[in-house]
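The sequence shown begins at 46 in full-length UniProt numbering and counts up one residue at a time.
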Amino acid sequence: EPGLATYDPGFVNTASCRSAVTFIDGDKGILEYRGYPIEQLAEKSTFLEVAYLLIHGELPTKEQYESWVHEITYHTFVHENVKEFVQGFRYDAHPMGMLMASVGALSTFYPEAVNISDPDNRHMQMVRMIAKMPTLGAWSFRHAQGKPFIYPDNALSYTENFLSMLFKMSEPKYGADPRLAKALDVLLILHADHEQNCSTNAVRSVGSSQVDPYSAVAAGIGALYGPLHGGANEAVLRMLKRIGSKENIPAFIEGVKNGDERLMGFGHRVYKNYDPRATIIKKACDDVFEVTGVNPLLEIAQELEKIALEDEYFVQRKLYPNVDFYSGLIYEALQFPPEMFTVLFAIGRTPGWLAQWNELITDSDQKIARPKQIYTGARTLDFVPAEERW
Ligand code: SDX
Numbered sequence: 046e047p048g049l050a051t052y053d054p055g056f057v058n059t060a061s062c063r064s065a066v067t068f069i070d071g072d073k074g075i076l077e078y079r080g081y082p083i084e085q086l087a088e089k090s091t092f093l094e095v096a097y098l099l100i101h102g103e104l105p106t107k108e109q110y111e112s113w114v115h116e117i118t119y120h121t122f123v124h125e126n127v128k129e130f131v132q133g134f135r136y137d138a139h140p141m142g143m144l145m146a147s148v149g150a151l152s153t154f155y156p157e158a159v160n161i162s163d164p165d166n167r168h169m170q171m172v173r174m175i176a177k178m179p180t181l182g183a184w185s186f187r188h189a190q191g192k193p194f195i196y197p198d199n200a201l202s203y204t205e206n207f208l209s210m211l212f213k214m215s216e217p218k219y220g221a222d223p224r225l226a227k228a229l230d231v232l233l234i235l236h237a238d239h240e241q242n243c244s245t246n247a248v249r250s251v252g253s254s255q256v257d258p259y260s261a262v263a264a265g266i267g268a269l270y271g272p273l274h275g276g277a278n279e280a281v282l283r284m285l286k287r288i289g290s291k292e293n294i295p296a297f298i299e300g301v302k303n304g305d306e307r308l309m310g311f312g313h314r315v316y317k318n319y320d321p322r323a324t325i326i327k328k329a330c331d332d333v334f335e336v337t338g339v340n341p342l343l344e345i346a347q348e349l350e351k352i353a354l355e356d357e358y359f360v361q362r363k364l365y366p367n368v369d370f371y372s373g374l375i376y377e378a379l380q381f382p383p384e385m386f387t388v389l390f391a392i393g394r395t396p397g398w399l400a401q402w403n404e405l406i407t408d409s410d411q412k413i414a415r416p417k418q419i420y421t422g423a424r425t426l427d428f429v430p431a432e433e434r435w
């Protein structure tokens, strides 16, 4: 009925919740986790400390941090049945499909996770999910490569352990260089949360039914899988390879203007300025390329950005590089295949999804998600039996 609800495609102007986790000012290109500017966290913190901050709302003391890291380090293993579950996928299954299913499967290994009113239980499940996401992500990668799974090594840091489970016994030995683990840690920090984006909205919506957190996060992974959201980093690399050389950029830009192409990695629902994460990732490229050599696609990306930022089509639509424009260049330099890029995004986003889920569960005002609709179909028709219709 008119007046009951206004149509707001993609909920662009509808507040779905109150939250104190992440602040974004899209016009000024500001991003803060629990009030701390992303630039300071990327430079001075670690991914696990940022995960603690997002979930607990403040930076940890030394004891709190050491206990947090210890708990996560000792929960990186998954049940052997989960390993068999991952091995059951087709040889060429997309790692995001495997990750989404494996995380959902974890809800059956921890049936107590549904006791979401118990804060200690919520804490235990959040620790488990942050700890196991890299293991499941690495095993999805190894399965897709047809290689044996590598078990977690609890003597390593979180990011070094992830690189070890991915690349140990592989050449070149990128997992061993500390500069790469640091660069990957920064990338995970930059992806850790982003207020009410599509996948976080999915986690909150599914979580509002009071299901266990594994099922809610599996829904978020499904949303992130989409090419307009997390899948954009994979789409950027395929786009740069398709462009192939700087000489082909003008023709590509024309394709964008006439609607045949989309400049992946550009534009954002909230940022109408440069995504602050893209600025930091662009700098991280230099650190990584020192070790791996410059990704030849970098110069196409830089020329594409230069041309787009000066072109009226993009300027008037306020289209700037977003978090996905440069991240794929680093992931490819680290020898990740494009289908793994969104898995890396999911591992980074896990603490944010959990912080938002935890905030939802502990918000006494929160109700089950039930958006309104504006009905546009037929009404009160009389049914005509089949024999009279055929
Ligand atoms: C992420 O929400 C989050 O916070 C997400 C995220 C996170 O951390 O969780 O930041 C991560 O998802 C980043 C975005 C990754 N996606 C891409 O890079 C895909 C390419 N970008 C677009 O598809 C688009 O910009 C969106 C989906 C990101 C945002 O779309 P909006 O806000 O709905 O913008 P729109 O579709 O209304 O576009 C407005 C205009 C349109 O032109 P007109 O119809 O007015 O002529 O801008 C055009 C669009 O066609 N446009 C683009 C474009 N993005 C928008 N044209 C060419 N290339 C693009 N990338």
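Cβ coordinates follow ideal geometry from the N, Cα and C atoms, glycine included.
Problem set entry | Proximity of T67 and Y78 at Cβ, strictly below 7 Å | Counting from 1 along the sequence shown, the entry for residue 67 is found at position 22. Counting from 1 along the sequence shown, the entry for residue 78 is found at position 33. It is a contact, given that the beta carbons lie within the stated cut-off.
Problem set entry | Simplified DSSP assignment, three categories, for E103 | Translated into the one-based positions of the sequence shown, residue 103 becomes position 58. Correct three-state label for E103: coil.
For this session: Using only alpha-carbon positions, find the residue among I392, N199 and K177 that is nearest to L269.
Result: On the sequence shown, position 224 is the one that residue 269 refers to. Taking only the C-alpha atoms, the option nearest L269 is I392.
Problem set entry | Closest residue to residue 40 among A50, G133, T59 and S64 (Cα-Cα distance) | Beyond the ends of the chain as shown, which are 46 and 435, falls residue 40; an answer cannot be given.
Exercise. Excluding five sequence neighbours on each side, which residues of the same chain lie with their C-beta closer than 7 Å to the C-beta of E348?
Worked result: The residue labelled residue 348 in the question sits at position 303 within the sequence shown. Closer than 7 Å at Cβ, skipping near neighbours: K291 and I294.
For this session: Might you give, ordered along the chain, the residues of its own chain that have their beta carbon closer than 6 Å to the beta carbon of P179, omitting 5 neighbours on each side?
Result: Counted from its first residue, the sequence shown places residue 179 at position 134. Counting only Cβ-Cβ distances below 6 Å, and skipping sequence neighbours, we find F207 and I392.
Exercise. What is the DSSP secondary structure of Y259, counted as helix, strand or coil?
Worked result: Numbered from 1 along the sequence shown, position 214 holds the residue referred to as residue 259. Y259: helix per DSSP, three-state reduction.
Exercise. Going by the CB atoms, is the gap between H168 and F390 shorter than 7 Å?
Worked result: Translated into positions along the sequence shown, residue 390 becomes position 345. Translated into positions along the sequence shown, residue 168 becomes position 123. Not a contact, by the Cβ cut-off of 7 Å.
For this session: Would you mind stating whether G71 and P321 have Cβ atoms separated by less than 7 Å?
Result: Translated into positions along the sequence shown, residue 71 becomes position 26. Translated into positions along the sequence shown, residue 321 becomes position 276. Cβ distance not < 7 Å, so G71 and P321 don't count as in contact.
Exercise. Within the chosen definition, does the stretch 373 to 390 reach the stretch 177 to 192 through at least 3 CB pairs nearer than 8 Å?
Worked result: yes
For this session: Tell me whether D369 counts as near the ligand SDX, meaning its Cβ is closer than 6 Å to at least one heavy atom of that ligand.
Result: If you number the sequence shown from 1, residue 369 lands on position 324. Yes, the Cβ of D369 comes within 6 Å of a heavy atom of the ligand SDX.
Exercise. Below 8 Å, can you find three or more Cβ-Cβ pairs linking the stretch 89 to 109 to the stretch 393 to 406?
Worked result: yes
Exercise. Which one of E335, G300, F381 and A176 has the shortest CA to CA distance from H120?
Worked result: Position 75 of the sequence shown, counted from the start, is the residue given in the question as residue 120. Among E335, G300, F381 and A176, the Cα nearest to that of H120 belongs to A176.
For this session: State buried or exposed for L426, treating a residue as buried only when at least 16 other CB atoms are found within 10 Å of its CB.
Result: The count along the sequence shown starts at 1 and reaches residue 426 at position 381. Per the 10 Å Cβ criterion, exposed.
Problem set entry | CB contact below 7 Å: T407 versus chain C | As a matter of chain content, chain C is missing from the structure shown, which is built from one protein chain.
Problem set entry | Between the CA atoms of E299 and M284 - distance to the nearest angstrom | As a position in the sequence shown, residue 284 is number 239, starting the count at 1. As a position in the sequence shown, residue 299 is number 254, starting the count at 1. Cα to Cα, M284 sits roughly 14 Å from E299.
Exercise. Considering F68, what are the terminal residues of the beta strand (DSSP E) in which it resides?
Worked result: Numbered from 1 along the sequence shown, position 23 holds the residue referred to as residue 68. First-last of the beta strand (DSSP E) with F68: T67 to D70.
Exercise. Comparing alpha-carbon positions, which option in I375, Y319 and K417 lies nearest L342?
Worked result: Reading the sequence shown from its first residue, position 297 is the one you call residue 342. L342 has its Cα closest to that of I375, out of I375, Y319 and K417.
Exercise. For P179, does the three-state DSSP call read helix, strand or coil?
Worked result: As a position in the sequence shown, residue 179 is number 134, starting the count at 1. It is helical.
Exercise. DSSP state of P366, grouped into three classes?
Worked result: As a position in the sequence shown, residue 366 is number 321, starting the count at 1. Strand.
For this session: Count the other CB atoms, across all protein chains shown, that sit within 10 Å of the CB of A189; report buried if there are 16 or more and exposed otherwise.
Result: Locating residue 189 in the sequence shown gives position 144, counting from the first residue. Classification of A189: buried, given that the 10 Å Cβ count is 16 or more.
For this session: Would you mind listing the alpha helix (DSSP H) stretches within the stretch 365 to 433 that are 4+ residues and don't spill past its ends, in chain order?
Result: 369 to 378 and 386 to 406
Exercise. So what's residue 36 in DSSP terms, helix, strand or just coil?
Worked result: Residue 36 lies beyond the range of the chain shown here (46 to 435); nothing can be said about it.
Exercise. If you check the beta carbons only, do A378 and T407 fall under 7 Å apart?
Worked result: Taking the sequence shown and counting its residues from 1, one reaches residue 378 at position 333. Taking the sequence shown and counting its residues from 1, one reaches residue 407 at position 362. No. Outside cutoff.
Exercise. Does DSSP put H76 in a helix, a strand or coil?
Worked result: Here residue 76 is taken as the residue at index 31 of the sequence shown, counted from 1. Sequence check: residue 76 is Leu here, not His. Here L76 sits in strand by DSSP.
Problem set entry | Cα-Cα separation between R249 and A261, rounded to whole angstroms | To locate residue 249, count along the sequence shown from 1; it is residue 204. To locate residue 261, count along the sequence shown from 1; it is residue 216. Those two C-alpha atoms are separated by around 7 Å.
Exercise. In angstroms, rounded to a whole number, what distance separates the CA positions of V131 and P197?
Worked result: Reading the sequence shown from its first residue, position 86 is the one you call residue 131. Reading the sequence shown from its first residue, position 152 is the one you call residue 197. In a straight line, the C-alpha of V131 is about 16 Å away from that of P197.
Exercise. If you count every other CB in all the chains shown that lies within 10 Å of the CB of W113, and 16 or more means buried, which is it?
Worked result: In the sequence shown, counting from the first residue as 1, residue 113 sits at position 68. So W113 counts as buried.
Problem set entry | Nearest neighbour of R227, chosen from A280, I326 and D165 [CA to CA] | In the sequence shown, counting from the first residue as 1, residue 227 sits at position 182. What sits at residue 227 in the sequence shown is Lys, not Arg. Checked all of A280, I326 and D165; the closest Cα to K227 is I326.
Exercise. Helix, strand or coil: which one does DSSP assign to F311?
Worked result: Residue 311 sits at position 266 when you count from the first residue of the sequence shown. Correct three-state label for F311: strand.
Exercise. In chain order, what residues of the same chain lie with their CB nearer than 8 Å to the CB of K128, ignoring the 5 residues before and after it?
Worked result: Start at 1 with the first residue of the sequence shown, and residue 128 comes out as number 83. Counting only Cβ-Cβ distances below 8 Å, and skipping sequence neighbours, we find W184 and F194.
Exercise. For the putative contact between V281 and G310, defined by C-beta atoms under 8 Å, what is the C-beta separation to the nearest angstrom?
Worked result: For the purposes of this step, residue 281 is identified with residue 236 of the sequence shown, where counting begins at 1. For the purposes of this step, residue 310 is identified with residue 265 of the sequence shown, where counting begins at 1. Correct: roughly 4 Å between the Cβ atoms.
Exercise. For R63, does the three-state DSSP call read helix, strand or coil?
Worked result: For this step, residue 63 is matched to residue 18 along the sequence shown. Note: R63 maps to coil in three-state DSSP.
For this session: State yes or no: is the C-beta of A277 nearer than 6 Å to some heavy atom of the ligand SDX?
Result: Sequence index remark: in the sequence shown, residue 277 carries index 232 (1-based). Yes, the ligand SDX has a heavy atom inside 6 Å of this Cβ.
Problem set entry | Neighbour-count burial assignment, E335, 16 or more Cβ in a 10 Å radius | Here residue 335 refers to the residue found at position 290 when the sequence shown is read from its first residue. Flag for E335 reads exposed.
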